[in-house]
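Participant: Take a look at this one; I'll ask things after.
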Amino acid sequence: MEEDNTTSRDSHSSHTYDDPNMSEPVNLYLQRACRVTLNLNLTECERLDAGDRDVEVLVQPSVNLLHMAASIIESLLPAVASFFLGPWSDANGRKPLLMWPFLGYFFKFLLLLFFSEMTYLPPTYFLLASIPVALTGGFVSIISSCYSYISDITTPETRPRRPLCSPLPTPLVEWSKAALQHEILGNPEMMHQILDNPLVQRLMNDPDNMRQLITSNPQMQELMERNPEISHMLNNPDLLWQTMELARNPSMMQELMRNHDRAISNLESIPGGYNALQRMYRDIQEPMLSAASEQFGRNPFTALVDNNGAPVEWRRIVAQLRDGGIKDLFFSQHIKDMFNTCFLQRSAGRRTIVLLTIAALASSVLTIEGEFSMLFLYTRLKFGWDIRDYSIYNSVGLILSITGTLLGLWVLTSLLKLPPAPLTMLAFSTNVVAAAIIAWSPSSWYLYLASGASFLSNIASPLCRTIIANSVQPHEIGKVFSLTSSLEAITPLAAGPLYTLLYNSTLNYFPGACYVLSAAMFLADVILMG
């Protein structure tokens, strides 16, 4: 019975944790370390969720060591490879380095899911999930290729805005889409209200508008020419109204679906019925779905496959690597070219600007890597937070971060025309304030105050890259960003042990010591950018 409870708790933990700031399911690690590594009983491990400080102090050090080991595994090989990736991408293109790491992350989370279901395994087995990320370049390759590509397609005037706006909508859109979908599925009345909207009713009651909307797609036009009955259906306002009424009534829709399933089953059972269904799908349903997909939801990834579903882009990249690109990847001349480019004497002190900016960027990455790996454990230990509390805090921080990024993007750079260097100093300064607030926060609401104080922090990294890109020649961008990415990949090797050692040494009397270190390092970044 106890084993069943443990299985349930581990599975629950692995599926409820979702934090963009930490790469591992911390709750799962805590429970697995408690039950397997420390061999505590179920009653004692349940005290973790109750915020018991004694159990937290006992379990957290082993989880911190696990984080540190995973960070080293995922950073060591990409750190070495990144010395070659930038110069190689200058000659062979950015896209291969952008696409391959996603395969590594796919296999990582697949392994994590597999190990989470095997409750008897010690948590050290989770380290195996970091190997695919290390072999495919990891986040270092993604960031380096993204910013190199953005620098390729922008001018010095537009470059400060492009790195900010490109990744910005993704988390907000995905979060909003998921929340809206959950709300609609869980609240049928919302669908009633949407369909009762006068604008929706006017659209549905006007067959001309509906016909124009649907038939504007060439595939749908061809389908209607081959099947006149479809054109008749689209011109029938009564049929459109009946469809809307069905959508407004969930019970009617369910009954219609049941009748449809029974009809399909009956049709399959008669001679020739299966062939008729195949023709219906091939000649009507499939073209309509294709037309609807093209008309209303253009998929940015459709260019990756051809009409037969073959991965065109992946085949091209593989062929490119096979035909000569891959043999030039680990070429010692790349390292020599990279260092020669970074330390090249430049006019107007641009070499000093490049090197100081790279140092500030690497230092900030080390700080962010270190403190974010401790934040969830810190809030559990000091304030007794659970996943729900931490998720709310993350959501608020995301909103403030997006607001601050938009403010820095449009107001400070576009309207006030402030140069990147002062804005970078301002962003690092907000990080100093935020880290100090977190370190000495007497209650949990101070963490929200820290999020508000650091609302401009996300503009620091892209602005640093903008300064670097504006200080070198276009053909040198990949080489310089290669060194930048290498340092960013190496910093977790230092951040993990440094912050883990400091946190484990001070968690009994001052767990916020690691954030004092962060404040000092961000202050050094301000000085470097000055």
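Just so we're aligned: 523 in the numbering used here is position 528 of the sequence shown, and the numbers increase by one with no gaps anywhere. Glycine included, every Cβ here is placed at the ideal spot set by N, Cα and C. No experiment lies behind these values; they were computed from the predicted model shown.
Taking one C-beta from the stretch 491 to 500 and one from the stretch 407 to 414 each time, how about it: are there three or more such pairs within less than 8 Å?
Facilitator: Touching, no.
Participant: Please name the residue in Q340, S513 and E51 whose C-alpha comes closest to that of D381.
Facilitator: One-based indexing of the sequence shown puts residue 381 at position 386. Considering only alpha carbons, the answer is E51.
Participant: Please report the Cβ distance between A75 and S480, rounded to the nearest whole angstrom; I am assuming they are in contact, meaning their Cβ atoms lie under 8 Å.
Facilitator: Numbered from 1 along the sequence shown, position 80 holds the residue referred to as residue 75. Numbered from 1 along the sequence shown, position 485 holds the residue referred to as residue 480. Note that residue 75 is Val in the sequence shown, not Ala. The pair is not a contact, with the Cβ atoms about 11 Å apart (cut-off 8 Å).
Participant: Out of S438, S57, C459 and L482, which one is the CA nearest neighbour of P414?
Facilitator: Here residue 414 is taken as the residue at index 419 of the sequence shown, counted from 1. Measuring from the Cα of P414, the nearest candidate turns out to be C459.
Participant: Which class does N22 belong to by DSSP, given the choice of helix, strand or coil?
Facilitator: Residue mapping note: residue 22 aligns to position 27 of the sequence shown, counting from 1. N22: helix per DSSP, three-state reduction.
Participant: Could you confirm whether any beta carbon from chain C is found closer than 9 Å to the beta carbon of G525?
Facilitator: The chain labelled as chain C is not found in the depicted structure, where only one protein chain is given.
Participant: Does the pairing of the stretch 441 to 458 with the stretch 414 to 433 give three or more beta-carbon distances under 8 Å?
Facilitator: They touch, by the three-pair rule.
Participant: Is Y385 buried or exposed, if buried means 16 or more other CB atoms sit within 10 Å of its CB?
Facilitator: Your numbering for residue 385 matches position 390 in the sequence shown. It counts as buried.
Participant: Tell me which residue opens and which closes the alpha helix (DSSP H) that E471 is part of.
Facilitator: As a working mapping, residue 471 is identified with position 476 in the sequence shown. Careful: E471 lies outside any alpha helix (DSSP H) and carries neither H nor E.
Participant: Are F104 and F121 touching if we call contact CB-CB under 9 Å?
Facilitator: Here residue 104 refers to the residue found at position 109 when the sequence shown is read from its first residue. Here residue 121 refers to the residue found at position 126 when the sequence shown is read from its first residue. In this structure, F121 does not lie closer than 9 Å to F104 by Cβ.
Participant: Taking the CB atoms as reference points, tell me whether G491 and A64 lie closer together than 9 Å.
Facilitator: For the purposes of this step, residue 491 is taken as the residue at position 496 of the sequence shown. For the purposes of this step, residue 64 is taken as the residue at position 69 of the sequence shown. Contact: yes.
Participant: Could you give the residue range of the alpha helix (DSSP H) that holds L370?
Facilitator: By one-based count along the sequence shown, residue 370 stands at place 375. Note, L370: alpha helix (DSSP H), R345 to F378.
Participant: Under 6 Å Cβ to Cβ from I485, same chain only, skipping five residues before and after it: list those, please.
Facilitator: As a first step, residue 485 must be located in the sequence shown, where it is residue number 490. Here the set comprises A74.
Participant: Taking only three categories from DSSP, how would you classify N453?
Facilitator: One-based indexing of the sequence shown puts residue 453 at position 458. Reduced to three states, the DSSP call for N453 is helix.
Participant: Comparing the CB of F450 with every heavy atom of the ligand MN, is any distance shorter than 8 Å?
Facilitator: No copy of the ligand MN occurs in the structure displayed, which carries no ligand at all.
Participant: In angstroms with no decimal places, state the Cα-to-Cα distance between N22 and R346.
Facilitator: Start at 1 with the first residue of the sequence shown, and residue 22 comes out as number 27. Start at 1 with the first residue of the sequence shown, and residue 346 comes out as number 351. For N22 and R346, the distance between alpha carbons rounds to 46 Å.
Participant: Between K377 and N465, what straight-line distance do the alpha-carbon atoms span, to the nearest angstrom?
Facilitator: In the sequence shown, counting from the first residue as 1, residue 377 sits at position 382. In the sequence shown, counting from the first residue as 1, residue 465 sits at position 470. Near 44 Å, if we compare the C-alpha coordinates of N465 and K377.
Participant: Count the other CB atoms within 10 Å of the CB of F476; is the residue buried (16 or more) or exposed (fewer)?
Facilitator: As a first step, residue 476 must be located in the sequence shown, where it is residue number 481. Per the 10 Å Cβ criterion, buried.
Participant: DSSP state of P414, grouped into three classes?
Facilitator: Position 419 of the sequence shown, counted from the start, is the residue given in the question as residue 414. Three-state DSSP puts P414 in coil, outside helix and strand.
Participant: Just to confirm my understanding: we take A434, look at its own chain, exclude 5 residues before and 5 after, and list those with CB closer than 6 Å. What are they?
Facilitator: In the sequence shown, residue 434 corresponds to position 439, counting from 1. Around A434: G507, Y510 and V511.
Participant: Considering Cα atoms alone, identify which of K474, G403 and S358 is closest to I522.
Facilitator: Translated into positions along the sequence shown, residue 522 becomes position 527. The shortest Cα separation from I522 among K474, G403 and S358 belongs to S358.
Participant: Unbroken alpha helix (DSSP H) runs of length 4 or more, entirely within the stretch 380 to 441: which are they?
Facilitator: For the stretch 380 to 441, whole alpha helix (DSSP H) runs of length 4 or above, ordered along the chain, are 382 to 401 and 415 to 434.
Participant: Return the first residue and the last residue of the alpha helix (DSSP H) that D520 is part of.
Facilitator: Translated into the one-based positions of the sequence shown, residue 520 becomes position 525. Looking at the DSSP string, the run of the alpha helix (DSSP H) that includes D520 is A508 to M524.
Participant: When we look at the beta-carbon of H470 and count the other beta-carbons within 10 Å, is it buried (16 or more) or exposed?
Facilitator: Your numbering for residue 470 matches position 475 in the sequence shown. Exposed.
Participant: Let's see if you can read the secondary structure: which residues bound the alpha helix (DSSP H) around P127?
Facilitator: As a first step, residue 127 must be located in the sequence shown, where it is residue number 132. Residues I126 to T131.
Participant: Given that a residue counts as buried once 16 or more other Cβ atoms are within 10 Å of its Cβ, and exposed if not, what is F505?
Facilitator: Position 510 of the sequence shown, counted from the start, is the residue given in the question as residue 505. Exposed.
Participant: Around the C-beta of N34, are 16 or more other C-beta atoms found within 10 angstroms, so that it is buried, or is it exposed?
Facilitator: Indexing the sequence shown from 1 puts residue 34 at position 39. N34 should be labelled exposed.
Participant: Label L167 either buried or exposed according to how many other C-beta atoms from any shown protein chain fall within 10 Å of its C-beta, with 16 as the threshold for buried.
Facilitator: Numbered from 1 along the sequence shown, position 172 holds the residue referred to as residue 167. With a pLDDT of only 43 at L167, under 50, the local geometry of the prediction cannot be trusted, and no value is derived from it.
Participant: Whose C-beta lies closer than 6 Å to the C-beta of R27 among residues of the same chain, with five residues either side of it excluded?
Facilitator: Here residue 27 refers to the residue found at position 32 of the sequence shown. Excluding residues within five positions, the ones whose Cβ falls inside 6 Å are P118.
Participant: Below 9 Å between beta carbons: does that hold for P487 and E364?
Facilitator: Walking along the sequence shown from the start, residue 487 turns up at place 492. Walking along the sequence shown from the start, residue 364 turns up at place 369. Closer than 9 Å, so yes.
Participant: Is it the case that the Cβ atoms of I348 and I462 are separated by a distance below 9 Å?
Facilitator: If you number the sequence shown from 1, residue 348 lands on position 353. If you number the sequence shown from 1, residue 462 lands on position 467. The answer is yes: Cβ separation under 9 Å.
Participant: For F102, I'd like the list of residues in its chain whose CB is within less than 6 Å of its CB, leaving aside the five on either flank, ordered along the chain.
Facilitator: Against the sequence shown, residue 102 aligns to sequence position 107. Closer than 6 Å at Cβ, skipping near neighbours: P127.
Participant: What did DSSP end up calling P73 once you bin it into helix, strand or coil?
Facilitator: By one-based count along the sequence shown, residue 73 stands at place 78. P73: helix per DSSP, three-state reduction.
Participant: Could you check the C-alpha separation between C141 and P96 for me, to the nearest Å?
Facilitator: Position 146 of the sequence shown, counting from 1, holds the residue named residue 141. Position 101 of the sequence shown, counting from 1, holds the residue named residue 96. Whole-angstrom Cα-Cα distance: 12 Å.
Participant: If L61 and Y24 are in contact, beta carbons under 8 Å, what's the gap, nearest whole angstrom?
Facilitator: In the sequence shown, counting from the first residue as 1, residue 61 sits at position 66. In the sequence shown, counting from the first residue as 1, residue 24 sits at position 29. L61 to Y24, Cβ: 6 Å. Contact.
Participant: Nearest-angstrom Cα distance between Y441 and C40?
Facilitator: Here residue 441 corresponds to residue number 446 of the sequence shown, with the count starting at 1. Here residue 40 corresponds to residue number 45 of the sequence shown, with the count starting at 1. Taking the straight line from one Cα to the other gives about 29 Å.
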